[in-house]
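Trainee: Sharing a structure with you now.
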Amino acid sequence: MYNISFESDLEDDEKASVMIVDDEEMILQSLELVLERYFDVVKVRDPLLVSDILKSKKIDVLITDEMMPGIRGCELAENVHNEYPNICKIILSGNSDKKDIVRAINKGHIFSFLFKPVDINQLLQAVKQGLDHKRMKEKIEEQNRNLEANNRQLLKEVLKKSTKIMEMEKFYELGKFSASIVHDLNSPLQTLITGYEILENEISASMPEKDSASNILKLIDNSLTTMESMIKSISNRISNNLSEKPVNFDLNDLIRKNISYMQIKYNNTNPVEINFMPEDIPLMKGVPLHFDQILSNLLKNAYDAMQNTEQKKIIIKTFVKSEKICLYIYDTGTGIKPDDLEKIFEIGYSTKEHGKGTGLGLVITKQMVSSYKGKIKVESDYGSGTGFLICFPISK
Ligand SMILES: Nc1ncnc2c1ncn2[C@@H]1O[C@H](COP(=O)(O)OP(=O)(O)OP(=O)(O)O)[C@@H](O)[C@H]1O
Ligand SMILES: [Mg+2]
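So the sequence shown is numbered by my numbering: it starts at 2 and just counts up by one.
What follows is the structure in structure tokens.
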């Protein structure tokens with residue numbers, strides 16, 4: 002019998018399966034005798050059956066004769082390689098010259114080429130090394146797959162974080178810009194108001210009975226009052242909200258400022274009735290700008306959803322439930338189809354026409370809510386309305 006120096010190594014491989022392909026029954030049997038001690042062996046006399054057998058049986062190593070009727074071993078190895086690149090291929094040949102060996106290695110992706118009569122030790126060594134090589138290759142492939150999955154995950158995270166930062170910066174810059182405009186508008190407005198008061202006194206003193214003049218004065222007075230309240234409301238909304246530091250603030254107040262801002266903004270294009278039902282809630286701790294952004298994203302979506310609906314109503318409630326401060330915003334807009342509900346928090350999902358929606362509003366909203374350990378939920382009746390519920394733990 003043969004003496005195998007690496008027998009214990011082979012025993013680790015007992016589950017590996019080896020296919021032997023040779024048109025000579027004697028050779029098949031003798032190889033089987035050697036290999037079946039360590040491996041699960043499949044003998045194949047007709048090389049043309051190999052492809053069918055591989056469909057139903059997992060094979061780790063293919064040992065094939067080179068000279069067979071119908072097909073050469075290296076061609077068979079090449080065919081197998083095309084479908085099963087990880088199977089380790091070993092060729093046995095009786096009378097091969099260099100050309101055969103080179104062709105077999107190049108075409109058939111052969112792991113080893115052995116000469117007949119086969120040295121058993123050499124064959125077992127080749128199978129063992131081939132299996133190690135195959136396992137290593139599979140391990141590397143698996144690691145690569147994991148790395149790729151991790152990379153994809155990381156890329157997603159980076160994208161999420163950078164869009165959030167970009168949005169925050171945009172919002173912050175916009176806030177600063179609006180603050181400066183409001184400030185610049187306020188001084189000429191005050192001059193107009195003072196000028197108007199002087200003019201009004203003079204006109205009523207010199208022309209006490211002129212109806213047309215007093216009508217014009219009333220018109221100017223109304224416009225000035227509207228402009229003043231608009232500027233006050235915008236300035237209220239902006240004031241104290243540019244700080245990035247967490248402070249204690251009243252969420253109900255912040256909601257009121259957002260409501261008045263939205264009503265002024267959409268007064269002419271899409272007027273909506275907003276019904277605010279605040280309850281007494283504890284102060285929130287956080288950066289008011291973040292909550293402004295949450296509210297403005299949700300309110301903007303609600304307004305957009307009611308662009309063409311007959312009923313245009315928003316209901317906002319605040320309350321405390323299970324030790325959480327909750328905010329509920331409901332609109333009578335188009336609603337969301339049940340299948341689309343889980344998509345609305347995905348990056349880039351938007352049903353708005355090109356250029357109108359970036360599909361980031363709710364992604365950022367959800368991230369902001371979770372950064373305060375809060376939860377956001379949505380419920381919608383397609384065709385009648387949508388409600389968002391956000392709950393934050395009460396700040397200690
Ligand atoms: N209140 C709502 N009613 C109906 N559909 C809504 C509502 N809120 C969100 N959606 C749906 O969810 C989608 C995603 O909303 P999201 O705020 O993330 O993006 P967007 O509004 O399309 O764009 P933007 O980035 O400018 O906010 C919307 O395009 C819309 O289809
Ligand atoms: Mg939006």
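By construction, the Cβ of each residue, glycine as well, lies at the ideal position given by its N, Cα and C atoms. Predicted model only: the values in this text are computed from it and were never measured.
1. Assign S94 to one of three DSSP states: helix, strand, or coil.
2. At which residues does the beta strand (DSSP E) containing I315 begin and terminate?
3. Which of the three DSSP states is assigned to D341 in this structure?
4. Rounded to a whole number of angstroms, what is the C-alpha to C-alpha distance between K246 and G287?
5. What is the rounded straight-line gap between the Cα of V248 and the Cα of L363?
6. For the structure I just gave you, are there three or more beta carbon pairs, one from the segment 43 to 61 and one from the segment 73 to 86, closer than 8 Å?
7. Anyone know if the C-beta pair for G384 and G336 falls short of 7 Å?
8. Please return the same chain residues whose Cβ sits closer than 7 Å to the Cβ of D14, not counting the five positions on each side in sequence.
9. Given D251, which residues of its chain have a CB within under 7 Å of its CB, disregarding the five upstream and five downstream residues?
10. What's the C-alpha gap between Y85 and M20?
11. At a cut-off of 6 Å, is G131 close to ligand 2 when judged by its beta-carbon and the heavy atoms of the ligand?
12. Is there a Cβ from chain D that is less than 7 Å from the Cβ of S297?
13. Could you give the residue range of the beta strand (DSSP E) that holds F112?
14. Report yes if the CB atom of I295 is closer than 7 Å to the CB atom of M231, and no otherwise.
15. Just checking D340 against ligand 1 - is the residue's beta carbon closer than 6 Å to any of the ligand's heavy atoms?
16. Could you please give the first and the last residue of the uninterrupted alpha helix (DSSP H) stretch that includes E274?
17. Taking 5 Å as the limit, name every residue whose beta carbon sits nearer than that to some heavy atom of ligand 3, in sequence order.
18. For the alpha helix (DSSP H) that contains T366, what are its first and last residues?
19. In the DSSP assignment, find the beta strand (DSSP E) that holds P394 and state where it starts and stops.
20. Would you grab the beta carbon distance between I330 and A306 for me? Rounded to a whole angstrom, and I think it's under 8 Å.
21. Between which two residues does the beta strand (DSSP E) harbouring N249 extend?
22. Where Y267 and Q312 are concerned, what is the direct C-alpha to C-alpha distance, given to the nearest angstrom?
23. Can you tell me whether I260 is buried or exposed, with buried defined as 16 or more other CB within 10 angstroms of its CB?
24. If I'm right that S371 touches T359 with Cβ under 8 Å, what's the distance once you round it to whole angstroms?
25. In whole angstroms, give me the CA-to-CA distance for L218 and S396.
26. Within a Cβ cutoff of 7 Å, which residues of the same chain sit near K325, ignoring the five residues on either side of it in sequence?
27. Name the two residues that bound the continuous alpha helix (DSSP H) containing I54.
28. Compare the beta carbon distance of I91 and F112 with 7 Å and say whether it is the shorter of the two.
Mentor: Taking the geometry as given:
1. Three-state result, S94: strand.
2. Annotation for I315: the continuous beta strand (DSSP E) segment containing it runs 314 to 322.
3. For D341, the secondary structure class from DSSP, reduced to helix, strand or coil, is helix.
4. Distance between the alpha carbons of K246 and G287: 7 Å.
5. Between V248 and L363, the C-alpha separation is close to 24 Å.
6. With the cut-off at 8 Å, the segment 43 to 61 and the segment 73 to 86 touch.
7. Yes. Within cutoff.
8. Caution applies to D14, whose pLDDT of 46 falls short of 50 and renders its modelled position unreliable; the model cannot decide the point.
9. Contacts found: L284.
10. Cα to Cα, the separation comes out at about 13 Å.
11. The answer is no for G131.
12. Given the protein chain composition of this structure (a single chain), no chain D is represented.
13. F112 -> no beta strand (DSSP E), and no H or E assigned at all.
14. Not closer than 7 Å, so no.
15. No, the Cβ of D340 stays beyond 6 Å of every heavy atom of ligand 1.
16. Element bounds for E274: not the alpha helix (DSSP H) but the beta strand (DSSP E), 274 to 279.
17. No copy of ligand 3 occurs in the structure displayed; its ligands are ligand 1 and ligand 2 alone.
18. In the DSSP assignment, T366 falls within the unbroken alpha helix (DSSP H) covering 362 to 372.
19. It spans 386 to 394 - the beta strand (DSSP E) in which P394 sits, taken as one unbroken run.
20. Rounded to whole angstroms, the Cβ separation of I330 and A306 is 11 Å, and the two are not in contact under 8 Å.
21. Unbroken beta strand (DSSP E) run through N249: 248 to 250.
22. The alpha-carbon separation between Y267 and Q312 amounts to approximately 15 Å.
23. Buried, by the Cβ-count rule.
24. 20 Å between Cβ atoms; not a contact.
25. Here the alpha carbon of L218 sits roughly 52 Å from the alpha carbon of S396.
26. Scanning its chain for C-beta atoms nearer than 7 Å, with the 5 sequence neighbours on each side dropped, one finds around K325 the residues C392, F393, P394, I395, in chain order.
27. Judged by DSSP secondary structure, I54 falls within the alpha helix (DSSP H) whose first and last residues are 51 to 57.
28. Here I91 is near F112, since their CB atoms are less than 7 Å apart.
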